[in-house]
Structures are given as C-alpha cells and as structure tokens.
C-alpha cells in the first residue's frame, strides 16, 4: 500500500490499493480500486468496485458495479449498475445510469439519469429528463425536464419543469410545482401544489393551496381546512374542509364543511354544513342535505342531467 501513487498515462491492474492519493492521467481498468484519500482519473474509469475514503474525481465515463465514497464524488457520466453511495456531494456532468443513488448530502445529475432508486438526505437536482422507480429526498428535489417512475416522497419542495408521471404515489411535506401535467395513482400534499393539470387514478389530498389551469381529477378528493383551490375539481367523492375556498366542483357526492365557500356545484348528491356559501349555481341530480343558514347566490336546481366536466 502506497501513500501516494501517480500514473501519467493509462493504468491497467487487477486491483489497486492506495492509502492516500491515487492520480491517473489517462484511463484506469481494474477489478477493484481502494483509495483512502483522493482518487483522480483524467480519462475513463472501468473499475468494478470503487471505494474511496475522501474524494473521487473522474473526468471521463465510469463503468462500475458499485461506487462507495466517503466525501465527494464527481464523474463525467456512465453507468454504475448497483449502488452509488456517497456521504457528502455527488455530481455527474453527463447522463448517468444507476441502480441506486444513496447520498447523504446533495446530488446533481447535470445530464439527467436513468435508474431505479434515489435516496438523498438534502437536495437532489436533475438537469434533464429523469427515469426512475422511487425518489426519497429529505429537502429539495428539482427536475429540469420530465420525470417518470413509480413513487416520489419529498420532505420539503419538489419542482419539475415538465411533466411528472408516476404509477404509484407522490407524497410532499411542503410544496410542489409541476410545469405541465401530473399523472399518478395517489397524491398527498401537506402544503401546496401547482400544475397545469392533475389526474389521479385513486385519490388526491391537499392540506393547503391547490392551483391548476385545467383542473384536478380523481376518484376521491379531500381538501383540508382553510385550503385554497383554483381550477375545477372533478371526482366521485369530494370533501372540502372548513373555511376552504374552491371554484367549480363536479362530483357524485360532495361534502362541504362549515364556513367554506364554493363557486359552481354540479353534483348528484350534496351535504352542506352551516354557513357554507355557494357563489355560483348549484345543479344537482338526486338530493341536497343543507343547513338552513346556507348562503346561495341562486336557488339550487334539480336536473336529470349534469353539465359535462372539463376532464
């Protein structure tokens, strides 16, 4: 084991073990590379197992099974078939294919990525389209492009400039902004969400603000107390919390809790609690259960057919 090894050109070996610093001016081809401190590669790195205690820098492409770095890792792109495990900061300047990204601090994919699982403690960024199975980020997640996968769980903020399509769920503790459409099975937002349109196969639950241009559609929609909604709501069952504000609602069953305010209601059945305000029209097909002090701008009208929802 050398404390420092510097190779001016390419390096080919079965295994490399350096206690301090390993610098390779060209490319490296090895089965394993174990470096205690700093590992720098000027070209490509084709190494099945890379283990670095401190910092990894690969200017070219990486072809590896697993990458384990204690501090910071910066690579040109390539493929890591199993796990990218970095304690601090990970960055890939071009497209990276991966099995799993597990980073304690921040991860930046400057050329986008394709892989399975992403687990980042702080901030995750993808500057390009991202294809994945699961994303779990404690702080901020930014996708500058389109995203598609199974599920996303964000503790803080999610921003996607394009569309986001998920086969399962999106769970946001803070706020989310989707530039185009959001399609998924279940949506749960503690704070606020904004999108061009939201279409969920099962349920939507929002605690704060919900903003869409074309509308939100799901089987079950639940809006929290004091929530503020813009854009039409389309669902089989819709529950609107106390003192909430919504615009048009299309539903089989709608429950509007105390002191909430709604625009137009087009429903089969409605349950309206005390001091609810309906500022538009209420057209219903079957029944209305309304408290006596409901404020209607127009008398409710019963019809055999309801207006067609926009989604």
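In our numbering, the protein residues as written are 4 to 314. In this text, a Cβ means the ideal position worked out from N, Cα and C, and glycines have one as well. Values in this document were obtained by computation on a predicted structure and should not be read as measured data.
Chain-order list of residues whose beta-carbon lies under 7 Å from that of residue i (same chain, five-residue window excluded)
i: residue 92; result: 75, 108 and 109
i: residue 2; result: Nothing in the structure corresponds to residue 2, since the chain is present only between 4 and 314.
i: residue 12; result: 28 and 29
i: residue 260; result: 243, 244, 245 and 276
i: residue 86; result: 69, 102, 103 and 105
6 Å CB neighbourhood of residue i in its chain, flanking five on each side removed
i: residue 166; result: 149, 183 and 184
i: residue 208; result: 191 and 225
i: residue 266; result: 250, 251, 282 and 283
i: residue 253; result: 237, 269 and 312
i: residue 162; result: 145 and 180
i: residue 71; result: 54 and 88
i: residue 174; result: 156 and 191
i: residue 37; result: 20 and 54
Residue i - containing beta strand (DSSP E), residue span
i: residue 297; result: Looking at the DSSP string, residue 297 is not in any beta strand (DSSP E), and its letter there is neither H nor E.
i: residue 27; result: 14 to 27
i: residue 250; result: First-last for residue 250: undefined, no H or E at that position.
i: residue 221; result: 212 to 226
i: residue 3; result: Since the first residue of the chain shown is 4 and the last is 314, residue 3 is not available in this structure.
i: residue 129; result: 126 to 129
i: residue 154; result: 154 to 157
i: residue 145; result: 143 to 146
i: residue 188; result: 184 to 192
i: residue 262; result: Looking at the DSSP string, residue 262 is not in any beta strand (DSSP E), and its letter there is neither H nor E.
Where residue i sits in the DSSP three-state scheme
i: residue 164; result: coil
i: residue 198; result: strand
i: residue 276; result: coil
i: residue 135; result: coil
i: residue 173; result: strand
i: residue 233; result: strand
i: residue 345; result: It is not possible to answer for residue 345, since the shown part of the chain is limited to 4 through 314.
i: residue 30; result: coil
i: residue 246; result: coil
i: residue 284; result: coil
i: residue 150; result: strand
i: residue 306; result: coil
i: residue 311; result: coil
Cβ shell of residue i (< 8 Å), same chain only, five flanking positions each side left out
i: residue 2; result: This structure does not reach residue 2, given that the chain is present from 4 up to 314, and the question cannot be answered.
i: residue 158; result: 140, 141, 142, 176 and 177
| request: Would you mind listing the beta strand (DSSP E) stretches within the segment 39 to 112 that are 3+ residues and don't spill past its ends, in chain order? | output: Listed in chain order, the beta strand (DSSP E) runs fully inside the segment 39 to 112 are 41 to 44, 48 to 55, 58 to 61, 65 to 67, 69 to 72, 75 to 78, 81 to 89, 92 to 95, 99 to 106 and 109 to 112, counting runs of at least 3 residues.
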